[in-house]
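For reference, the structure discussed in these notes is given below.
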Amino acid sequence: SRARKRDQKLLNSLIKRKNSKFSGNSKFSTDRAKTVYGIDAEILWPCVDISEFPSNDDEDSQNPYPYNDDYVVCIGRASWAKGTWETIAMLEGTDLSLAHVGGGEPKAISKLVNHAKSKHVGLWISPKLSSPDLVSLMRGARAIVSMAHSESFGLSPIEAFAVGTPAIFVDEGGFKETIVDGKNGRLIPRIEISSWHNALTEAKLDKIRNNWKIAGLERISELNLSPEKHAERLKEIIFNH
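In my numbering, the protein residues as written are 72 to 312.
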């Protein structure tokens, strides 16, 4: 495509520049860089300030979700890439509503609302939330879900681990580098709708929620995405290669 050729031209100019180095935020993204552009890139995990997503609810704000039904949370601008329409279709028949955080283009949102109505799925949309409100919304949810396409890393699983809400994500992309299926959440093939429904039912059980929360916090420690560690990794890429 024209866009890819433009990107390739820019990358070629950077490759020729002395001391240039490339990084990707996951193994998935570095593999893509090699496949699509033929460049070798280092993995530089993203930085996450977990202090914004406390594991206890002592200082939670009031949940902004205005209804009394059970819901799941999906984070990201409404689009095909984020799998927003597929998520709504997947929820059909579950009696779960979707709390979508991230907004989208007015035309896209209008189509999304109509899509939800056609599937008899409740839909609440918030273009943006403060960190305290987002934490409260996530903590009150049945699960955090995503059916995004080719997500390079995805911070939502990490945030779900931190607040202790089950993470149920499509078995693709960078999600596979944070979620260990059945241990700290679920990774489910896109087309296996019955498996999604079973996982959402499973996510209601206190024992499952607690086990996944403990394992999720352990995974956060393993990955160590703190600002300090991020700086160390960046320094290593710059000075040690």
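Ideal Cβ placement from N, Cα and C applies to all residues, glycine included.
Each of G175, H171, G225 was checked against the Cα of L208, and the nearest Cα belongs to H171.
When DSSP states are grouped into helix, strand and coil, R261 belongs to the coil group. With contacts defined as CB atoms closer than 7 Å, M218 and T272 fail to qualify as a contacting pair.
If you compare the alpha carbons of A212, K105, N295, E299 with that of R280, the shortest gap goes to A212. For V144, the enclosing beta strand (DSSP E) begins and ends at 142-146. Nearest neighbour of D252 by Cα position, chosen from S94, W283, Y138, L205, turns out to be W283. For I196, no alpha helix (DSSP H) encloses it; the enclosing beta strand (DSSP E) starts and ends at 194-197. The three-state secondary structure of L81, taken from DSSP, is helix.
Excluding residues up to 5 positions away in sequence, nothing lies with its Cβ nearer than 8 Å to the Cβ of R77 in the same chain.
Using a Cβ-Cβ distance cut-off of 8 Å, the region 87-103 and the region 219-234 are in contact, since at least three pairs of beta carbons, one from each stretch, lie closer than that value. A distance below 7 Å separates the beta carbons of W116 and L296. In this structure, DSSP gives A149 a state outside helix and strand, which the three-state scheme calls coil. If you look at F124, you'll find it isn't in any alpha helix (DSSP H); DSSP assigns it neither H nor E. According to DSSP, residue pairing for S297 in a beta bridge does not occur.
Bounds of the beta strand (DSSP E) holding V241 are 238-241. The C-alpha of Q79 is placed about 30 Å away from the C-alpha of I146.
Per DSSP, the continuous alpha helix (DSSP H) segment holding H186 begins and ends at 177-189.
Residue nearest to V144 within the set I308, S91, S227 is S227 (criterion: CA-CA distance). Apart from the 5 residues on each side of it in sequence, L82 sits with its Cβ closer than 7 Å to the Cβ of Y108, I110 in its chain, given in chain order.
If you look at L205, you'll find it in the alpha helix (DSSP H) that goes 202-210.
Of all alpha-carbon atoms in G164, F124, D141, the one lying nearest the alpha-carbon of I264 is that of G164. Residue range 168-172 is occupied by the beta strand (DSSP E) that includes S168, with no alpha helix (DSSP H) assigned at that position. Rounded to the nearest angstrom, the gap between the Cα atoms of T249 and R257 is 11 Å.
For D140 against S168, the beta-carbon gap comes to about 5 Å, under 8 Å, which counts as contact.
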